[in-house]
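Working notes, structure below.
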Amino acid sequence: MHVLMDNKQQALELGQKPVGALLWQYALPAIVAMTASSLYNIIDRASIGQVVGADAINGLTVTFPFMNLSAAFGAAVGVGASTCISVRLGQRDYRTAEHLLGNTITLNLVVGLLFMLVSFIFLDPILRFFGASDVTLPYAREFMEVILAGNMVTHMYFGMNAVLRASGKPRHAMYATLFTVGCNIVLVIAFVWWFRWGIRGAALATIVSQTLAMTWQMWVFANPKELLHLRKGIYGLQPELVRNILSIGISPFLMNATACIIVIFMNRQFLHYGGDMAVGAYGIANTMGMFFFMFVIGITQGMQPIVGYNYGARQYDRMMRCLWLAVMAATAVMTVGWLLAICFPRAMARIFTTDATQIALAAEGIRLNMVLFPLIGFQAVVTNFFQCIGRVRISIFLSLSRQLLFLLPLVLFLPTVWGLKGVWYSLPASDGIAALITAVIIWNYMRVFKSSSL
Numbered sequence: 012m013h014v015l016m017d018n019k020q021q022a023l024e025l026g027q028k029p030v031g032a033l034l035w036q037y038a039l040p041a042i043v044a045m046t047a048s049s050l051y052n053i054i055d056r057a058s059i060g061q062v063v064g065a066d067a068i069n070g071l072t073v074t075f076p077f078m079n080l081s082a083a084f085g086a087a088v089g090v091g092a093s094t095c096i097s098v099r100l101g102q103r104d105y106r107t108a109e110h111l112l113g114n115t116i117t118l119n120l121v122v123g124l125l126f127m128l129v130s131f132i133f134l135d136p137i138l139r140f141f142g143a144s145d146v147t148l149p150y151a152r153e154f155m156e157v158i159l160a161g162n163m164v165t166h167m168y169f170g171m172n173a174v175l176r177a178s179g180k181p182r183h184a185m186y187a188t189l190f191t192v193g194c195n196i197v198l199v200i201a202f203v204w205w206f207r208w209g210i211r212g213a214a215l216a217t218i219v220s221q222t223l224a225m226t227w228q229m230w231v232f233a234n235p236k237e238l239l240h241l242r243k244g245i246y247g248l249q250p251e252l253v254r255n256i257l258s259i260g261i262s263p264f265l266m267n268a269t270a271c272i273i274v275i276f277m278n279r280q281f282l283h284y285g286g287d288m289a290v291g292a293y294g295i296a297n298t299m300g301m302f303f304f305m306f307v308i309g310i311t312q313g314m315q316p317i318v319g320y321n322y323g324a325r326q327y328d329r330m331m332r333c334l335w336l337a338v339m340a341a342t343a344v345m346t347v348g349w350l351l352a353i354c355f356p357r358a359m360a361r362i363f364t365t366d367a368t369q370i371a372l373a374a375e376g377i378r379l380n381m382v383l384f385p386l387i388g389f390q391a392v393v394t395n396f397f398q399c400i401g402r403v404r405i406s407i408f409l410s411l412s413r414q415l416l417f418l419l420p421l422v423l424f425l426p427t428v429w430g431l432k433g434v435w436y437s438l439p440a441s442d443g444i445a446a447l448i449t450a451v452i453i454w455n456y457m458r459v460f461k462s463s464s465l
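Set out below in structure tokens:
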């Protein structure tokens, strides 16, 4: 009983503790976890590039759309459920929050299984469509066969981490991620460098690590003393709860699904204008960009339970203070990334490959991809903010604006003028336009919000 009261107090502090301290408390574990995860991606891909070769890196880049699509379905459940749980905890509706936990588990199993089956059936044609050539297809297939076999585990692992953060346990979510990353690094060294299992070994290291972490997550939620815990009667899908989860999860789903579409077009354009080496260079530039963007994801994950709880509790002043603190933090982080990309692009590229051609292509790509990075943090935080307060249509529009509305037309048009450079130019151009649109929307929303709050 005492532990249960402590867990309720952890949830209640979201509406009582100073916002700056709360954001630090919740964002720091998420930032540490996301940064560690991104570091693993760098080590994983660097190992593949250094041990297996440049063609393997090129093949791995072809799988990025697959990973985005899998993440889209996972986010639809995980992010949607965690947001709903945060709001219910803010309303002190603990029974419904617990049923949301059970429905999250069931939905992850169903969605993960369906995605795995469909992808396995059409694996080669999908990879060809994603930009695989005769050279890169075997590497891409080897990697995805292992990843898809563990797809249900991946969905469950990320979904349970989101619920841990929403239920007032950001450190537990951090521990799960850090364990996964540490285990991944050890297994990659063993499987890729020692046993020489190649790209398949890197994929196997990922699945084994996530399986072990997911087992621990379930053990945490199995404790009946927890505020939210696993018990009989919460796993049956309830149409109203599923609708609530998916109505909020549709925004991150569309964001990741759109990223999948965009990466497909990017891969195909890079393949057309620069060949397999240009595809691999894009993968390297994207990996380095994501390293810094993971800091922003950590900030938005830390912001989510605070904004969701205070919105549910109608404490709007705390909600808005959290938003602006998150914007400032995200902008600062992305500015650091911009400075490093402008000053040291070749050093970043050398982490992944020893091939001189690929180093030159990747260095230019890193610099162009990150030239407007300070604006991206602001856009990502504001998009997540609208998702947290249930303004799904605005969040969806902002999610789609950078990639589908701006980047897609630009990546199709600019290469006709500048060739391979035009493919790279499309990235910062879309960043700038999307940030401007986001600024206009949040300014208008704030003006209306302040008027209605008076």
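Numbering follows the working numbering, with no gaps: position 188 of the sequence shown is 199.
We put the beta carbon where it would ideally sit given N, CA and C, even for glycine.
Whole-angstrom C-beta distance between residue j and residue i, which should lie under 8 Å
i      : j      : result
Val164 : Leu112 : No, Val164 and Leu112 are not in contact; Cβ-Cβ is about 18 Å, not under 8 Å.
Ala86  : Asn267 : 6 Å
Ser93  : Ala177 : 4 Å
Leu50  : Val88  : Rounded, the Cβ-Cβ distance is 26 Å, inconsistent with contact.
Val203 : Val62  : 6 Å
Leu386 : Asp442 : 6 Å
Gly291 : Ile137 : That belief does not hold up - the Cβ atoms of Gly291 and Ile137 are roughly 19 Å apart, past 8 Å.
Ile42  : Gly309 : 3 Å
Leu34  : Ile317 : 6 Å
Pro181 : Gln390 : Contact doesn't hold; Cβ gap of about 24 Å is too wide.
Three-state class that DSSP yields for residue i in the structure shown
i      : result
Glu24  : helix
Met12  : Because Met12 sits at a pLDDT of 46, beneath the cut-off of 50, its placement in the model cannot be relied upon, and the following sentence gives the value as read from the coordinates. Coil at Met12, not helix or strand.
Arg458 : helix
Tyr320 : helix
Asp442 : helix
Ser144 : coil
Thr217 : helix
Pro29  : coil
Pro235 : coil
Leu248 : coil
Thr365 : coil
Gln102 : coil
Leu465 : For Leu465, the predicted model reports a pLDDT of 48, less than 50, meaning its position is unreliable; a value from the coordinates is still stated below. Reduced to three states, the DSSP call for Leu465 is coil.
Leu208 : Inspection of the sequence shows that residue 208 is occupied by Trp rather than by Leu. Note: Trp208 maps to coil in three-state DSSP.
Met229 : helix
Met45  : helix
Met381 : coil
C-alpha distance - residue i paired with residue j, whole-angstrom precision
i      : j      : result
Ser81  : Leu159 : 9 Å
Leu148 : Thr72  : 11 Å
Thr222 : Ala151 : 22 Å
Leu415 : Thr298 : 21 Å
Val219 : Val451 : 45 Å
Ile245 : Ile261 : 23 Å
Arg374 : Met381 : According to the sequence displayed, residue 374 carries Ala and not Arg. Cα-Cα distance, rounded: 11 Å.
Ile196 : Ala216 : 8 Å
Glu237 : Val231 : 8 Å
Ala343 : Gly388 : 8 Å
His166 : Phe190 : 17 Å
Ala38  : Val428 : 43 Å
Gln312 : Arg211 : 31 Å
Gly430 : Ile273 : 18 Å
Ala233 : Met78  : 29 Å
CB contact below 8 Å: residue i versus chain C
i      : result
Ala446 : Protein chains in the displayed structure number just one, and chain C is not present.
Endpoints, the alpha helix (DSSP H) within which residue i is located
i      : result
Leu351 : 327 to 354
Gln240 : It should be pointed out that residue 240 corresponds to His in this sequence rather than to Gln. Where His240 is concerned, there is no enclosing alpha helix (DSSP H), given that its DSSP letter is neither H nor E.
Gly70  : 65 to 73
Arg404 : 403 to 411
Asn162 : 162 to 177
Gly388 : 384 to 399
Phe127 : A small correction: the amino acid at residue 127 is Met; Phe does not occupy that position in the sequence shown. Taken as a continuous stretch (DSSP letters only), the alpha helix (DSSP H) holding Met127 covers 105 to 132.
Leu415 : First-last for Leu415: undefined, no H or E at that position.
Gly193 : 181 to 199
Residue i and residue j closer than 8 Å at C-beta
i      : j      : result
Met330 : Asn321 : yes
Gly101 : Gly26  : yes
Val393 : Val307 : no
Gly433 : Pro426 : yes
Ile275 : Pro420 : no
Ile53  : Ile362 : yes
Phe281 : Ala270 : no
Asp328 : Ala65  : no
Ala213 : Asp55  : yes
Ala108 : Leu239 : yes
Val30  : Arg332 : yes
Met171 : Gln228 : yes
Val253 : Asn455 : no
Phe384 : Met345 : yes
Leu265 : Ser410 : yes
Met287 : Ser144 : For the sequence presented, residue 287 should be read as Asp rather than Met. Cβ atoms of Asp287 and Ser144: closer than 8 Å.
Phe84  : Phe126 : yes
heavy atom of the ligand ATP below 7 Å from residue i C-beta
i      : result
Ile310 : Inclusion of the ligand ATP in the displayed structure is not the case, the ligand content being empty and no account of it being possible.
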